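Structure first, then comments.
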Amino acid sequence: MDYFIIKEGLGIKYHVINTGEKGAVIDLWAVSQSFTNDVEDKIDFLFTLHGDKNFSSLGGKIKDDKKELTMFYHGAPGTNQGNMYFHFSLPYSFRHGMQWQIGKENSYSVEHVGAQTVDGTNFADCIKVSYHTHDEDGYLGGTGYMILAKGVGIVKIEFNCNNGTRVTFDYREHRELTKHTISGTIVDSNSKAPVPEIAVQIAYNSWGTQAITDTEGKFSIQAYGPELCLMIGDDQDGILDHHKHVRFWVKEITGDVSNLEIDLSTP
Numbered sequence: 283m284d285y286f287i288i289k290e291g292l293g294i295k296y297h298v299i300n301t302g303e304k305g306a307v308i309d310l311w312a313v314s315q316s317f318t319n320d321v322e323d324k325i326d327f328l329f330t331l332h333g334d335k336n337f338s339s340l341g342g343k344i345k346d347d348k349k350e351l352t353m354f355y356h357g358a359p360g361t362n363q364g365n366m367y368f369h370f371s372l373p374y375s376f377r378h379g380m381q382w383q384i385g386k387e388n389s390y391s392v393e394h395v396g397a398q399t400v401d402g403t404n405f406a407d408c409i410k411v412s413y414h415t416h417d418e419d420g421y422l423g424g425t426g427y428m429i430l431a432k433g434v435g436i437v438k439i440e441f442n443c444n445n446g447t448r449v450t451f452d453y454r455e456h457r458e459l460t461k462h463t464i465s466g467t468i469v470d471s472n473s474k475a476p477v478p479e480i481a482v483q484i485a486y487n488s489w490g491t492q493a494i495t496d497t498e499g500k501f502s503i504q505a506y507g508p509e510l511c512l513m514i515g516d517d518q519d520g521i522l523d524h525h526k527h528v529r530f531w532v533k534e535i536t537g538d539v540s541n542l543e544i545d546l547s548t549p
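Heads up: the sequence shown begins at 283 in my numbering, then just goes up one per residue.
This is the structure in structure tokens:
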């Protein structure tokens, strides 16, 4: 795990360009969030990719019992940029030139590439994971690579989609973030009343991050910023209804955030 870092609170900021989306030049943070092991889904770590109205929550496993791979297994949700990050996989123990497959059609290889420079930042020790994915969706299928820097994680992604779109992630900075408490009240302006017993999460799946409002509609949840997308809705065995939930952005988090008022009647 020297090259893919899941240390809680580590955040990497990227500059992302997607040639297939109008105006899709954004900055976003990939953050390793606090996580309580999800025994049912066998998830070991949770990453959020939040920024510029983009929201992805990706759950992964350090070492699958069958594949011996460190990789993401669930996107909840996985938006376009999250899908690019979701391609990541790496054998728990690997060597230069190693090759592997996921399923029957997705092929990967890894090589040690030494010192690399990404957008002016030098990294002394890097590996390159190259991959080819097959998917009926022309956006998710294609050929790409990731550069991973020792002690940092993924510092560059370049993916050429089968539909002609090109997506790049370029490292901007990384740092250890501080966990903050986000609290407030969930209300429904239509009924002019607080909403009790509703879930507040940072992913569709609870994955150890869920808060349930009390009788006065109040909630408190802990997570790492600097941006978060809270997802609020009815809990169905730890999973929100994907079609009946509200998303609320909390931006520029530098300390605890309190006294939020989130209106469920607002789309």
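Using N, Cα and C, we set each Cβ at its ideal position, and we do this for glycine too.
This structure is a prediction, so every number in the text was calculated from the model and none was measured.
Between which two residues does the alpha helix (DSSP H) holding residue i run?
{"i": "G402", "result": "Neither: G402 is in no alpha helix (DSSP H) and is coded neither H nor E."}
{"i": "G364", "result": "362-368"}
Quickly, what does DSSP pair residue i with across the bridge? List them, please.
{"i": "I494", "result": "A481"}
{"i": "G424", "result": "T415, C443"}
{"i": "W382", "result": "Y390"}
{"i": "V469", "result": "P476, D545"}
{"i": "A312", "result": "I294, L331"}
{"i": "T450", "result": "I299, E440"}
{"i": "G357", "result": "L340"}
{"i": "D517", "result": "L522"}
{"i": "V395", "result": "DSSP lists no partner for V395."}
{"i": "V539", "result": "I464"}
{"i": "G433", "result": "Answer is none; G433 lacks a bridge partner."}
{"i": "K289", "result": "K289 is not bridged to any residue."}
{"i": "K410", "result": "E393, I429"}
Output the boundary residues of the beta strand (DSSP E) element that contains residue i.
{"i": "I344", "result": "I344 -> no beta strand (DSSP E), and no H or E assigned at all."}
{"i": "G293", "result": "292-300"}
{"i": "L459", "result": "It is not in any beta strand (DSSP E) - L459 carries neither H nor E in the DSSP assignment."}
{"i": "F530", "result": "521-532"}
{"i": "P373", "result": "371-373"}
{"i": "V503", "result": "Rather than Val, the amino acid found at residue 503 in this sequence is Ile. Start and end: 500-506."}
State the CB to CB distance for the pair residue i and residue j, rounded to an integer number of angstroms; the pair is presumed to be in contact (CB under 8 Å).
{"i": "V561", "j": "F337", "result": "A query on residue 561 cannot be resolved here, the shown segment of the chain reaching from 283 to 549 and no further."}
{"i": "L340", "j": "Q363", "result": "With a Cβ gap of about 11 Å, L340 and Q363 do not count as contacting."}
{"i": "P373", "j": "E350", "result": "6 Å"}
{"i": "N442", "j": "G426", "result": "6 Å"}
{"i": "V307", "j": "M366", "result": "With 8 Å as the limit, V307 and M366 do not qualify as a contact, their Cβ atoms being about 14 Å apart."}
{"i": "L430", "j": "Y285", "result": "4 Å"}
{"i": "V539", "j": "I514", "result": "In fact, because the Cβ distance is near 15 Å, the residues do not count as touching under 8 Å."}
{"i": "S316", "j": "Q504", "result": "6 Å"}
{"i": "F376", "j": "M353", "result": "With a Cβ gap of about 12 Å, F376 and M353 do not count as contacting."}
{"i": "G302", "j": "N445", "result": "7 Å"}
{"i": "G291", "j": "K461", "result": "6 Å"}
{"i": "Y355", "j": "K343", "result": "6 Å"}
{"i": "I409", "j": "V400", "result": "Wrong, their Cβ atoms sit about 13 Å apart, outside the cutoff."}
message: Tell me whether the segment 538-548 and the segment 465-475 touch, counting them as touching only if at least three CB pairs, one residue from each stretch, are closer than 8 Å.
response: Judged by Cβ distances under 8 Å, the segment 538-548 makes contact with the segment 465-475, as three or more pairs qualify.
- request: Evaluate the contact criterion for the segment 285-305 versus the segment 444-464: three or more CB pairs, one atom per stretch, below 8 Å.
  value: Touching, per the Cβ criterion.
task: Mind the definition here: the segment 385-405 touches the segment 324-335 only if three or more C-beta pairs lie below 8 Å; say whether that holds.
output: Under the three-pair Cβ rule at 8 Å, the segment 385-405 does not count as touching the segment 324-335.
field: Segment contact flag, the segment 491-499 with the segment 527-538, C-beta cutoff 8 Å, min 3 pairs
entry: The way I'd put it, the segment 491-499 doesn't touch the segment 527-538; fewer than three beta-carbon pairs between them come closer than 8 Å.
query: Between the segment 429-441 and the segment 506-523, do three or more beta carbon pairs fall short of 8 Å?
result: No, the segment 429-441 is not in contact with the segment 506-523.
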